[in-house]
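Residue numbers (the numbering used here): 1 to 176.
Rendered as structure tokens:
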């Protein structure tokens with residue numbers, strides 16, 4: 001690919017866009033590239049993270065509560081929400097939390113990223129509340145952000161298509 005791009009004079013500039021868990025794994029992947037493939041790392045010119053969070057343990061409770069609410073609303077059984085949420089959270093705490101707790105939060109590595117990072121987050125995200133993105137912004141070397149008042153979890157690009165495209169275009173232009 002790299003030789004093809006050079007032969008045909010195609011730019012190798014990369015902008016990465018990750019949503020929710022994609023945002024989390026983007027940070028992990030970029031820091032991995034910095035250590036193991038500096039040529040590809042240097043092709044990355046900017047990163048867009050929509051609905052990001054530091055560690056799964058930070059959002060497990062709100063994620064479970066929001067998912068239980070969504071499921072119960074879908075099946076018109078809102079009275080079951082607290083029971084479903086309790087069952088799901090107990091299952092998570094029993095089966096998964098210990099393993100998730102061993103994974104380092106991305107706040108420990110995001111400051112290793114040299115490229116500009118554009119953070120997008122809905123202010124009323126019930127799955128990943130906005131306070132989860134603040135430590136990422138505070139730790140990143142070159143952050144910018146856009147907070148959307150009337151949106152929900154990873155729905156920003158659908159609900160505000162034109163504004164989303166505009167903000168992404170502005171970020172990409174500034175990164176390149």
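In this text, a Cβ means the ideal position worked out from N, Cα and C, and glycines have one as well.
DSSP lists 118 as the bridge partner or partners of residue 144.
Your pair residue 54 and residue 126 does not check out as a contact, with CB atoms roughly 18 Å apart and the cut at 8 Å. Per DSSP, the continuous alpha helix (DSSP H) segment holding residue 22 begins and ends at 21-36.
C-alpha of residue 107 to C-alpha of residue 62: approximately 19 Å in a straight line. Excluding its 5 nearest sequence neighbours in each direction, residue 146 has C-beta neighbours in its own chain below 6 Å: 120, 167, listed in chain order. Relative to residue 158, the option among 93, 176, 142, 50 whose CA is nearest is 50. The beta carbon of residue 164 sits closer than 8 Å to those of 120, 156, 157, all from its chain and outside the five residues before and after it, given in chain order.
Note on residue 10: under 16 other CB atoms within 10 angstroms of its CB, so exposed under the neighbour-count rule. DSSP, read as helix, strand or coil, puts residue 110 in helix.
Residues 30 of the same chain have their beta carbon placed closer than 6 Å to that of residue 113, with the five preceding and five following residues left out of the count.
Annotation: the continuous beta strand (DSSP E) that includes residue 49 extends over 44-50.
Residue 46 places its beta carbon 7 Å or farther from that of residue 138. Taking 7 Å as the cut-off, the Cβ atoms of residue 81 and residue 69 count as close. A straight-line Cα-Cα distance of about 42 Å links residue 140 and residue 76.
In this structure residue 117 is in contact with residue 142, their Cβ atoms being roughly 7 Å apart against a cut-off of 8 Å. When the alpha-carbon of residue 56 is set against those of 17, 74, 24, 65, the nearest one is in 24. Around the beta carbon of residue 78, fewer than 16 other beta carbons sit within 10 angstroms, so the residue counts as exposed.
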